[in-house]
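In numbering that gives the first Met the number 0, the protein residues as written are 0 to 333. Positions of the beta carbon are idealized from the N, C-alpha and C atoms, including for glycine. To start, the structure under review is shown below, and the notes come after it.
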Amino acid sequence: MLKLKILLLILCTTLQTNALLFEPCKITPLEYSQLQKFKLEQITAFKWRDPLFEFKICYHDHTTSFTLFIDTALHKQLPENIKNKFICTSNEKTHFAYEYTWGTIKQDSTSAPIPQEYYKAKPYQSECAPHSISGDNLSQIIKQKRVVFYTGAGISACSVPSMQKLEDMLGFARNGRRPDGLKTVSTMLSNPEMVTRNFGIFVLSTIESATTLAHKRLAVLAQHLKTSIITENIDLLHEATGIRPLFAGDQKTHDLWSAQNLQEVDLVICIGLSHDDRGFIAHYKNSNAQAQIVALDYKAPNYLDDHDMLLPGDIQVNLNLLANQIMENSSLHI
0 MLKLKILLLI LCTTLQTNAL LFEPCKITPL EYSQLQKFKL EQITAFKWRD PLFEFKICYH
60 DHTTSFTLFI DTALHKQLPE NIKNKFICTS NEKTHFAYEY TWGTIKQDST SAPIPQEYYK
120 AKPYQSECAP HSISGDNLSQ IIKQKRVVFY TGAGISACSV PSMQKLEDML GFARNGRRPD
180 GLKTVSTMLS NPEMVTRNFG IFVLSTIESA TTLAHKRLAV LAQHLKTSII TENIDLLHEA
240 TGIRPLFAGD QKTHDLWSAQ NLQEVDLVIC IGLSHDDRGF IAHYKNSNAQ AQIVALDYKA
300 PNYLDDHDML LPGDIQVNLN LLANQIMENS SLHI
């Protein structure tokens with residue numbers, strides 16, 4: 000009897016699979032169509048935060064609205080015609096708020112809650128220089144490792160505006176690498192309709208855009224390697240290839256980022272991810288002493304350490320070649 004209990008315990012332990020190392024679920028064209036419809040009905044919200052100001056923008060039901068909070072120091076620097084548009088509010092400290100809405104207002108749009116976004120750790124930044132790797136060498140490493148794919152806006156750059164482009168569309172200004180709060184606030188409030196209209200255009204582009212070659216090849220590659228794709232993107236382009244990725248902002252994905260699960264991941268391959276905005280890279284490195292990152296991008300992102308790797312160049316070209324090398328004898332195809 001004791002031997003039987005031990006055998007059952009071993010069997011149950013074996014059956015506890017790491018969902019990060021499991022191929023993506025497939026979705027039908029009908030399910031994808033329903034996702035698109037659902038996406039149009041949902042709220043799309045973004046937030047930018049700077050020491051001097053905080054900017055929130057939301058699209059829901061053909062209506063776009065944004066709120067801008069600034070501190071007293073920045074408020075004093077603004078021209079009078081811009082300064083007078085703010086309302087002084089006090090909470091823990093005094094700040095100034097401006098709110099603007101554009102579009103066809105529906106009765107329930109103002110009461111709709113902004114969805115919760117999940118962050119795992121403080122974003123990781125490094126000043127180290129990773130070493131470059133060739134596609135041939137990377138394909139051999141991937142064949143021997145337990146990998147997880149993590150995609151950012153760069154994989155959709157052919158179809159959807161990048162985050163840098165979105166910031167330009169909304170009127171963000173920079174002084175070198177730092178945001179220029181004074182210029183940004185002045186630009187936004189000089190033409191708030193432009194800000195809301197351009198964000199609506201961006202949201203619709205994420206729904207109506209076409210998949211890229213990289214999306215298609217990655218979908219097949221993840222199935223071949225039997226591993227997951229985590230994405231920060233809301234454009235449904237992964238879903239359009241027939242697979243369901245794990246969305247970085249979901250509670251379900253948040254729960255899967257356990258230290259135990261991440262300790263079983265040898266390599267995270269970041270595709271078109273310019274920054275560790277959600278803290279996934281930081282949490283992975285904190286959870287796994289042997290953690291290693293490979294980035295596919297034009298230049299090295301700031302989250303790579305000196306033991307990490309970069310496959311530089313065009314993501315569309317490199318991912319296609321990488322998939323071909325890894326799946327040379329595979330029966331799977333696009």
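Drop a sphere of 10 angstroms on the beta-carbon of residue i, count the other beta-carbons inside from all chains shown, and report buried for 16 or more, exposed for fewer.
i	result
Ile5	Interpretation of Ile5 is limited by its pLDDT of 42, a score under 50 that renders its predicted location unreliable; the figure taken from the coordinates is listed afterwards. So Ile5 counts as exposed.
Ser227	buried
Lys284	buried
Leu309	buried
Val316	exposed
Pro23	buried
Pro191	buried
Pro50	exposed
Thr16	exposed
Ala18	exposed
His59	buried
Asp307	buried
Phe347	Missing from the structure shown is residue 347; the chain here goes from 0 to 333 and no further.
Thr109	With a pLDDT of 38 at Thr109, under the threshold of 50, the modelled position of this residue cannot be trusted, and the question is left open.
Let me make sure I understand the geometry here. Which of the options has the alpha-carbon closest to that of residue i?
i	options	result
His40	Arg173, Val202 and Pro160	With the sequence shown as reference, residue 40 is identified as Glu, and His is not the correct amino acid for it. The candidate whose alpha carbon is nearest that of Glu40 is Val202.
Pro78	Val184, Trp47, Gln163 and Thr150	Val184
Leu20	Asp276, Ser257 and Val316	Ser257
Tyr31	Leu235, Glu192 and Gln250	Leu235
Gly248	Phe279, Leu29, Gln259 and Leu224	Phe279
Ala304	Leu245, Ala209 and Pro129	The residue asked about is misnamed: residue 304 is Asp in this sequence, not Ala. If we check each option's Cα against that of Asp304, Pro129 comes out closest.
Thr71	Thr88, Thr210 and Cys57	Thr88
Val159	Asp167, Glu207 and His253	Glu207
Thr27	Leu255, Pro50, Gln324 and Gly241	Gly241
His74	Pro311, His59, Phe65 and Glu53	Glu53
Ala287	Gln259, Arg177 and Asp313	Just to set this straight, residue 287 is Asn in the shown sequence, not Ala. When each option's Cα is compared against that of Asn287, the closest is Gln259.
Arg277	Gln289, His223 and Thr252	Thr252
Gly199	Gln33, Phe37 and Ser64	Ser64
Asp313	Cys157, Lys46 and Phe45	Cys157
Lys55	Ile141, Lys164 and Leu169	Leu169
Gln222	Met326, Tyr99, Pro178 and Thr186	Met326
Asn80	Phe246, Leu29, Gly180 and Leu188	Leu188
Lys164	Gly180, Glu263, Val194 and Ile140	Val194
In terms of residues, what are the limits of the beta strand (DSSP E) holding residue i?
i	result
Ile292	Ile292 to Asp296
Phe148	Val146 to Thr150
Ala376	Outside the displayed range of the chain (0 to 333) lies residue 376, so it cannot be described from this structure.
Lys55	Phe52 to His59
Ile81	Premise fails: Ile81 lies in the alpha helix (DSSP H), Glu79 to Lys82, not in any beta strand (DSSP E).
Cys269	Leu266 to Ile270
Leu309	Met308 to Pro311
Let's see if you can read the secondary structure: which residues bound the alpha helix (DSSP H) around residue i?
i	result
Asp70	Asp70 -> not in any alpha helix (DSSP H); beta strand (DSSP E) instead, spanning Thr62 to Asp70.
Lys164	Met162 to Leu169
Ile206	Pro191 to Glu207
Ala281	Phe279 to Ser286
Leu320	Ile314 to Ile325
Leu137	Gly134 to Gln143
Given the structure, does residue i come close to the ligand SAH, in the sense that its CB is under 7 Å from one of the ligand's heavy atoms?
i	result
Gly271	Summarising the ligand content, the structure contains no ligands, and the ligand SAH is consequently not present.
For chain D, is any of its Cβ atoms less than 8 Å away from the one on residue i?
i	result
Phe148	Judged by its chain identifiers, the structure shown contains no chain D, having just a single protein chain.
Report yes or no: do the segment 133-153 and the segment 217-225 share at least 3 C-beta pairs separated by less than 8 Å?
yes
How do the segment 125-141 and the segment 316-325 stand: do at least 3 beta-carbon pairs fall below 8 Å, yes or no?
yes
Answer yes if the segment 261-278 comes into contact with the segment 294-304, meaning at least three C-beta pairs across the two stretches below 8 Å, and no otherwise.
yes
Stretch pair the segment 278-294 + the segment 251-269: three plus CB contacts closer than 8 Å
yes
Curious, which full-length beta strand (DSSP E) runs of at least 3 residues does the segment 213-262 contain?
228-230
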